[in-house]
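Residue numbers (this note's numbering): 10 to 335.
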């Protein structure tokens, strides 16, 4: 028997509880993993609190990522004892996820733990850091160069944003970080490499179709009117990588930035990212993230604490990353 965070639905309310289950209750799969760490992402927060329609089939074990050790494998690519990482593929949404001491799943969804990381560090990066790397790669692919000017990161104190700040700074970009809690989060963001901190209120006023050109590139984790404001302020021939909807899934904008300033809006999805691209992104993360990142931007909690932190993350009360020790 082992512990798992189980989500059930009662009277249209999501109820989270720690339960003891056995391997026979796990879903089908060809690899069984002993989970060392999971992490708490914004999507996990929506799932556990029931604030978002993330989960449609109950009971469900949440946790869209984890790192651990293979117990047994029917797939030749993995042997007992191998260290592995999982992010995405609908795990923790429609297949039981990482917030349990064991997980059974498809070998295709796993990647080997990158050299230079242990399970805890892998989850300090997690889905959020992996997504941040894909966003940064999107700006690199769009030929946004450090010398072109400032790069903006919205939602900078969150999981994706904080890693994006660190990665961009390591690559030599001048990073402007947007946060709703400047006094609380400013010092951390500066340590991660932000050259200046901007209060989110500056991005909450309705945007004109075009505003003064300010940003050579941007990583947006917020969506809605914040992304609209960002688009209106982009330089000519710039790019925005958009990966989140913490501020809403609407986008009140016009075609003006795209057709008059040649702005590229690149969507970034990490859930169904191909395996080769995943491995390359993880290798780049190991190469770029400074040791100082792992010393600063993380809170470690027990599985029983996950529901409380899920509430906090959906209310914008979490800074950096939360890892869950199994």
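C-beta atoms are modelled at their ideal positions from N, C-alpha and C, and glycine is treated no differently.
Item, Value
"Exposure of residue 10, with buried meaning 16 or more beta-carbon neighbours within 10 Å", "exposed"
"Segment contact flag, the segment 156-169 with the segment 229-249, C-beta cutoff 8 Å, min 3 pairs", "yes"
"Presumed contact (8 Å Cβ cut-off) between residue 157 and residue 225, rounded CB distance", "4 Å"
"Burial state of residue 313, where buried means 16 or more other Cβ atoms lie within 10 Å", "exposed"
"3-residue-minimum beta strand (DSSP E) runs that sit fully inside the segment 139-176, ordered along the chain", "160-162"
"Secondary structure, beta strand (DSSP E): runs of 3+ residues fully inside the segment 229-295", "243-251 and 273-276"
"Local conformation of residue 121 per DSSP, three classes", "strand"
"Top-ranked residue by Cα proximity to residue 94, from 302, 112 and 261", "112"
"Span of the beta strand (DSSP E), counted from its first residue to its last, around residue 25", "22-30"
"9 Å Cβ cutoff met for residue 43 and residue 100", "no"
"Sub-9 Å separation of residue 92 and residue 122 beta-carbons", "yes"
"Given residue 285 as reference, the closest of 13, 73 and 117 once Cα atoms are compared", "117"
"C-alpha distance - residue 108 paired with residue 318, whole-angstrom precision", "13 Å"
"Three-state class that DSSP yields for residue 322 in the structure shown", "helix"
"Three-state secondary structure (DSSP) of residue 88", "coil"
"The segment 137-157 in contact with the segment 213-221 per 3-pair CB rule at 8 Å", "no"
"Assumed close pair residue 137, residue 168 - CB separation to whole angstroms, cut-off 8 Å", "3 Å"
"Which residues DSSP lists as bridging residue 334, in chain order", "46 and 311"
"Cut-off 8 Å between Cβ atoms - residues of its own chain near residue 269, not counting five sequence neighbours on either side", "219"
"Contact set for residue 292: own chain, Cβ-Cβ below 8 Å, skip 5 residues either direction", "123"
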